[in-house]
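*Asks:* No gaps in the numbering here: position 70 of the sequence shown is 119 in our numbering, and each next residue is one more.
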Amino acid sequence: MKESIHKYFKVGLIEFMVYPAGLRGEDPDILKRIKQIACDDYFDAIELTWIKDPETRAKAARLLASSHMTVCYGAQPRLLTTGMNANHLDENERLKAEATLIEAIGEAR
(Lines of atoms letter the chains of each structure in order from A; the text may use other names.)
(Lines give C-alpha, C1' and ligand atoms only; values in the text may rest on other atoms or scores of the structure.)
Protein backbone atom coordinates (compact mmCIF):
# COMPACT_ATOMS: atom_id res chain seq x y z
CA MET A 50 0.00 0.00 0.00
CA LYS A 51 1.65 3.16 -1.19
CA GLU A 52 -1.18 5.57 -0.45
CA SER A 53 -2.08 6.98 2.89
CA ILE A 54 -4.15 4.73 5.14
CA HIS A 55 -6.66 7.60 5.26
CA LYS A 56 -7.53 6.90 1.64
CA TYR A 57 -9.10 3.59 2.70
CA PHE A 58 -10.78 4.29 6.02
CA LYS A 59 -11.15 6.73 8.89
CA VAL A 60 -8.61 6.27 11.63
CA GLY A 61 -10.04 6.78 15.08
CA LEU A 62 -9.86 5.70 18.65
CA ILE A 63 -12.16 4.79 21.47
CA GLU A 64 -11.33 7.50 23.97
CA PHE A 65 -12.64 5.68 27.05
CA MET A 66 -10.57 2.58 26.23
CA VAL A 67 -7.38 4.60 25.82
CA TYR A 68 -8.17 6.71 28.89
CA PRO A 69 -10.23 4.51 31.28
CA ALA A 70 -10.80 7.46 33.61
CA GLY A 71 -13.66 8.37 31.26
CA LEU A 72 -15.56 5.10 31.74
CA ARG A 73 -17.71 6.46 34.56
CA GLY A 74 -18.46 9.78 32.85
CA GLU A 75 -16.52 11.82 35.41
CA ASP A 76 -13.08 12.38 33.86
CA PRO A 77 -11.95 15.89 34.87
CA ASP A 78 -9.53 15.94 31.91
CA ILE A 79 -12.03 14.93 29.21
CA LEU A 80 -11.98 18.29 27.41
CA LYS A 81 -8.18 18.31 27.36
CA ARG A 82 -8.17 14.77 25.97
CA ILE A 83 -10.76 15.55 23.28
CA LYS A 84 -8.82 18.62 22.19
CA GLN A 85 -5.57 16.66 22.08
CA ILE A 86 -7.14 13.97 19.87
CA ALA A 87 -8.97 16.50 17.67
CA CYS A 88 -5.77 18.46 17.07
CA ASP A 89 -3.87 15.33 16.00
CA ASP A 90 -4.31 15.22 12.23
CA TYR A 91 -3.78 11.45 12.23
CA PHE A 92 -7.23 10.86 13.73
CA ASP A 93 -10.43 11.20 11.71
CA ALA A 94 -12.84 9.71 14.28
CA ILE A 95 -13.40 9.47 18.00
CA GLU A 96 -15.75 7.38 20.13
CA LEU A 97 -16.81 8.86 23.45
CA THR A 98 -19.09 7.76 26.21
CA TRP A 99 -21.24 9.60 28.73
CA ILE A 100 -20.16 12.88 30.25
CA LYS A 101 -22.23 13.37 33.37
CA ASP A 102 -21.65 17.10 33.86
CA PRO A 103 -23.99 19.01 31.49
CA GLU A 104 -21.65 22.02 31.22
CA THR A 105 -18.65 19.85 30.34
CA ARG A 106 -20.81 17.88 27.88
CA ALA A 107 -21.88 21.14 26.16
CA LYS A 108 -18.27 22.30 25.90
CA ALA A 109 -17.27 18.91 24.48
CA ALA A 110 -20.08 19.13 21.91
CA ARG A 111 -18.90 22.55 20.74
CA LEU A 112 -15.31 21.34 20.53
CA LEU A 113 -16.31 18.26 18.55
CA ALA A 114 -18.56 20.25 16.21
CA SER A 115 -15.59 22.35 15.16
CA SER A 116 -13.20 19.38 14.91
CA HIS A 117 -14.53 17.97 11.60
CA MET A 118 -14.11 14.49 13.08
CA THR A 119 -16.57 11.63 12.90
CA VAL A 120 -17.95 11.28 16.41
CA CYS A 121 -19.42 8.04 17.76
CA TYR A 122 -21.04 7.34 21.11
CA GLY A 123 -20.37 4.23 23.17
CA ALA A 124 -23.24 3.47 25.54
CA GLN A 125 -21.76 0.25 26.94
CA PRO A 126 -19.92 1.94 29.87
CA ARG A 127 -23.28 3.21 31.15
CA LEU A 128 -24.27 -0.43 31.66
CA LEU A 129 -20.96 -2.10 32.42
CA THR A 130 -19.89 0.33 35.17
CA THR A 131 -23.29 0.31 36.89
CA GLY A 132 -24.14 -3.38 36.67
CA MET A 133 -27.24 -2.74 34.59
CA ASN A 134 -28.39 -5.34 32.07
CA ALA A 135 -30.73 -4.62 29.17
CA ASN A 136 -31.58 -8.34 29.11
CA HIS A 137 -32.25 -8.73 32.82
CA LEU A 138 -34.98 -11.22 33.71
CA ASP A 139 -36.37 -8.89 36.37
CA GLU A 140 -38.55 -6.38 34.50
CA ASN A 141 -37.76 -3.50 36.89
CA GLU A 142 -34.01 -4.01 36.43
CA ARG A 143 -34.44 -4.24 32.66
CA LEU A 144 -36.42 -0.99 32.67
CA LYS A 145 -33.61 0.76 34.56
CA ALA A 146 -31.15 -0.30 31.88
CA GLU A 147 -33.58 0.74 29.16
CA ALA A 148 -33.98 4.18 30.76
CA THR A 149 -30.24 4.83 30.85
CA LEU A 150 -29.89 3.74 27.22
CA ILE A 151 -32.70 6.05 26.16
CA GLU A 152 -30.93 8.83 28.06
CA ALA A 153 -27.74 7.92 26.17
CA ILE A 154 -29.48 8.43 22.83
CA GLY A 155 -30.34 11.99 23.80
CA GLU A 156 -26.85 12.63 25.09
CA ALA A 157 -25.27 11.24 21.95
CA ARG A 158 -27.40 13.51 19.81
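Positions of the beta carbon are idealized from the N, C-alpha and C atoms, including for glycine.
Predicted model only: the values in this text are computed from it and were never measured.
Report buried or exposed for Asp89, applying the criterion of at least 16 other Cβ atoms within 10 angstroms of its Cβ.
*Replies:* Sequence index remark: in the sequence shown, residue 89 carries index 40 (1-based). Classification of Asp89: exposed, given that the 10 Å Cβ count is below 16.
*Asks:* By the 10 Å Cβ neighbour count, where 16 or more other Cβ atoms means buried, how is Ile100 classified, buried or exposed?
*Replies:* The residue labelled residue 100 in the question sits at position 51 within the sequence shown. Buried is the call here.
*Asks:* Taking the beta carbon of Leu138 as the centre, do at least 16 other beta carbons fall within 10 Å, making it buried, or is it exposed?
*Replies:* Taking the sequence shown and counting its residues from 1, one reaches residue 138 at position 89. Leu138 should be labelled exposed.
*Asks:* Classify Phe65 as buried or exposed, calling it buried when 16 or more other Cβ atoms lie within 10 Å of its own Cβ.
*Replies:* Here the question's residue 65 lines up with position 16 in the sequence shown. Buried.
*Asks:* Report the option in Asn141, Glu142, Lys81, Val120 whose CA atom is closest to the CA atom of Leu97.
*Replies:* As a first step, residue 97 is located in the sequence shown; it is residue number 48 there, counting from the start. Per the Cα distances, Val120.
*Asks:* At a cut of 8 angstroms, does the segment 66-86 reach the segment 100-114 through at least three beta carbon pairs?
*Replies:* Touching, yes.
*Asks:* From the DSSP output, in three-state form, read off Gly61 for me.
*Replies:* In the sequence shown, the residue the question calls residue 61 occupies position 12. Three-state result, Gly61: strand.
*Asks:* Roughly how many angstroms lie between the CA atoms of Gly132 and Asn141, to the nearest whole one?
*Replies:* Translated into the one-based positions of the sequence shown, residue 132 becomes position 83. Translated into the one-based positions of the sequence shown, residue 141 becomes position 92. One C-alpha to the other measures close to 14 angstroms.
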